[in-house]
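Novice: Numbering of the sequence shown is given in the UniProt record's numbering, commencing with residue 1 and proceeding in unit increments. From the three backbone atoms N, C-alpha and C, an ideal C-beta is built for every residue, glycine too. Computed from a prediction, not measured in an experiment: that's the story for all the values here. This structure is in structure tokens; I'll ask about it shortly.
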Amino acid sequence: MFDDLKGKRVLITGSTQGIGLAAVEAFARAGAKVAMNGRRIPADLEATLARLNGLGGEVVFLQADVSDSAACGTLVEAFVERFGGIDVLINNAGGLVARKPLPEIDDAFFDAVTDLNSRSALMVTKHALPHLKAAASQNGTTSSVISVGSVAGYTGGGPGAGLYGAAKAWLHNIQKNWVAFHTKDGIRFNMVSPGTFDTAFHADKDEDTKARIGSGFPMGRFGRPEECAPTFLFFASHTCSGYITGQVLDVNGGQYMP
Ligand code: NAD
1 MFDDLKGKRV LITGSTQGIG LAAVEAFARA GAKVAMNGRR IPADLEATLA RLNGLGGEVV
61 FLQADVSDSA ACGTLVEAFV ERFGGIDVLI NNAGGLVARK PLPEIDDAFF DAVTDLNSRS
121 ALMVTKHALP HLKAAASQNG TTSSVISVGS VAGYTGGGPG AGLYGAAKAW LHNIQKNWVA
181 FHTKDGIRFN MVSPGTFDTA FHADKDEDTK ARIGSGFPMG RFGRPEECAP TFLFFASHTC
241 SGYITGQVLD VNGGQYMP
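Okay, here's the thing in structure tokens:
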């Protein structure tokens, strides 16, 4: 079904663990050329790359802190140097940074949350744009930008996560502008919006707490990263979604229905 992903060049930000890593694995299985990105070099990098490169594609690691605008440009350059272009960009890097209620928010925290969740996606997309346009024109199909939103982008976020929710809502919104002005370049923009997934994002909760929270969702549990991964394949594949752009796909077990 995802045959056209074979050999596609896929850059996934923030993908050394969790939802991003599951996406790297899924694209590798589909035969894609993938860059896994992280702010730091993972301790088990060699073993991880050996495992990922046994799945059928080609996986490299590119270190970059995408909350830094200059590093976003360098990351795109390094990717293009390695693979000769970009077909698919996934803006996955993101996180809470910390939980801080309104009275505790200062400029430094505001910058940290928005740099990681909003500025990162904006800057990587900006630098990738000419390469995505060139790839679409060379292939005669479409290139794809997939950003990762959040249920918090609709609901406003849980305790101390107001800035995070707002940063994700900002992404949900700016995508509409990218669709309006860059569809002519052969680029599709879609968003995957996870609900509550069992990753390091929820490391502040013990297993009982996660089970209790999950039991309140229609699916009765948290999502698993591998349950989000196929949605990235769908939006990346021109065969599957060549006429779909500007959408937000909620992968949330029924937790929230916009
Ligand atoms: P995670 O903490 O397991 O993974 C985050 C990844 O981002 C890691 O690989 C980390 O190395 C990387 N990263 C963090 N800061 C970075 C930086 N400055 N530069 C480069 N990489 C950086 O979290 P996750 O749950 O897998 O989250 C993935 C995405 O999904 C995030 O955008 C998150 O906001 C979103 N999301 C997660 C949930 C959830 O419940 N887990 C819900 C909604 C949205």
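Nearest to S147 by alpha carbon, out of Q138, Y154, L122 and A35?
Specialist: Along the sequence shown, read from residue 1 onward, the residue named residue 147 stands at position 147. Answer by Cα proximity: L122.
Novice: I need the boundaries of the beta strand (DSSP E) containing F79, first residue and last residue.
Specialist: Here residue 79 corresponds to residue number 79 of the sequence shown, with the count starting at 1. Taken as a continuous stretch (DSSP letters only), F79 belongs to no beta strand (DSSP E), being part of the alpha helix (DSSP H) at S69 to F83.
Novice: Can you tell me whether V148 sits near the ligand NAD, meaning its C-beta is under 6 Å from at least one heavy atom of the ligand?
Specialist: Taking the first residue of the sequence shown as 1, we reach residue 148 at position 148. Yes, the ligand NAD has a heavy atom inside 6 Å of this Cβ.
Novice: How would you call Y243, buried or exposed, if buried means at least 16 neighbouring beta carbons within 10 angstroms?
Specialist: Counting from 1 along the sequence shown, the entry for residue 243 is found at position 243. Exposed.
Novice: I'd like to know whether the C-beta atoms of A236 and S144 end up nearer to each other than 7 Å.
Specialist: As a working note, residue 236 is residue 236 in the sequence shown. As a working note, residue 144 is residue 144 in the sequence shown. For A236 and S144, yes; Cβs fall inside 7 Å.
Novice: Any chance the CB of A93 is under 6 Å from a heavy atom of the ligand NAD?
Specialist: Walking along the sequence shown from the start, residue 93 turns up at place 93. A93 Cβ: within cutoff of the ligand NAD.
Novice: Are the beta-carbon atoms of residue 269 and G223 separated by less than 7 Å?
Specialist: Outside the shown range of the chain, which is 1 to 258, sits residue 269, and nothing can be said about it.
Novice: Does DSSP put R9 in a helix, a strand or coil?
Specialist: Translated into the one-based positions of the sequence shown, residue 9 becomes position 9. Reduced to three states, the DSSP call for R9 is strand.
Novice: Got a sec? Which residues, its chain only, sit under 8 Å from G213 by beta carbon, not counting five neighbours each side?
Specialist: As a position in the sequence shown, residue 213 is number 213, starting the count at 1. The amino acid at residue 213 is misidentified as Gly; the sequence shows Ile. For I213, where only same-chain residues beyond five positions count, the Cβ hits under 8 Å are T196, K205 and F222.
Novice: Cβ-heavy atom distance between R212 and the ligand NAD below 6 Å?
Specialist: Position 212 of the sequence shown holds residue 212. No, since every heavy atom of the ligand NAD falls outside the 6 Å radius drawn around the Cβ of R212.
Novice: Can you give the Cα-Cα distance for G158 and S137, rounded to whole angstroms?
Specialist: On the sequence shown, position 158 is the one that residue 158 refers to. On the sequence shown, position 137 is the one that residue 137 refers to. Rounded to whole angstroms, G158 to S137 spans 43 Å at the Cα level.
Novice: Rounded to whole angstroms, what is the Cα-Cα separation between G7 and G95?
Specialist: Position 7 of the sequence shown, counting from 1, holds the residue named residue 7. Position 95 of the sequence shown, counting from 1, holds the residue named residue 95. Taking the straight line from one Cα to the other gives about 30 Å.
Novice: Between the Cα of E227 and the Cα atoms of L62, G20, G31 and V59, which residue gives the shortest distance?
Specialist: In the sequence shown, the residue the question calls residue 227 occupies position 227. It is G20.
Novice: One question on the structure: do V97 and H131 come within less than 7 Å of each other, judged by their Cβ atoms?
Specialist: Position 97 of the sequence shown holds residue 97. Position 131 of the sequence shown holds residue 131. For V97 and H131, no; Cβs fall outside 7 Å.
Novice: Could you give the DSSP three-state label for N173: helix, strand or coil?
Specialist: Indexing the sequence shown from 1 puts residue 173 at position 173. Helix.
Novice: What does the Cβ neighbour count give for N177, buried or exposed, with the cut at 16 atoms within 10 Å?
Specialist: Start at 1 with the first residue of the sequence shown, and residue 177 comes out as number 177. So N177 ends up on the exposed side.
Novice: Determine the closest residue to N190 out of G160, F83, V24 and L89, with distance taken between C-alpha atoms.
Specialist: Within the sequence shown, numbered from 1, the residue matching residue 190 stands at position 190. The shortest Cα separation from N190 among G160, F83, V24 and L89 belongs to L89.
Novice: Have a look at G73 and S118 and give me their C-alpha separation to the nearest angstrom.
Specialist: Residue 73 sits at position 73 when you count from the first residue of the sequence shown. Residue 118 sits at position 118 when you count from the first residue of the sequence shown. Approximately 15 Å, taken between the alpha carbons.
Novice: Since D65 is in the alpha helix (DSSP H), which residue starts that stretch and which ends it?
Specialist: Counted from its first residue, the sequence shown places residue 65 at position 65. Taken as a continuous stretch (DSSP letters only), D65 belongs to no alpha helix (DSSP H), as it is neither H nor E.
Novice: Verify the contact flag: G38, CB atom, against every heavy atom of the ligand NAD, threshold strictly below 6 Å.
Specialist: On the sequence shown, position 38 is the one that residue 38 refers to. Indeed, a heavy atom of the ligand NAD lies less than 6 Å from the Cβ.
Novice: Between the C-alpha atoms of W170 and G153, what's the straight-line distance to the nearest angstrom?
Specialist: One-based indexing of the sequence shown puts residue 170 at position 170. One-based indexing of the sequence shown puts residue 153 at position 153. The straight-line gap from Cα to Cα measures roughly 8 Å.
Novice: First and last residue of the beta strand (DSSP E) that includes L89?
Specialist: Reading the sequence shown from its first residue, position 89 is the one you call residue 89. Start and end: V88 to N91.
Novice: What I want to know is whether the C-beta of V66 ends up closer than 6 Å to one or more non-hydrogen atoms of the ligand NAD.
Specialist: By one-based count along the sequence shown, residue 66 stands at place 66. Answer for V66: yes, Cβ within range of the ligand NAD.
Novice: Using the C-alpha atoms, what's the distance from A128 back to V179?
Specialist: Mapped onto the sequence shown, residue 179 falls at position 179. Mapped onto the sequence shown, residue 128 falls at position 128. Cα-Cα distance, rounded: 15 Å.
Novice: Could you give the DSSP three-state label for N37: helix, strand or coil?
Specialist: Mapped onto the sequence shown, residue 37 falls at position 37. Strand, per DSSP.
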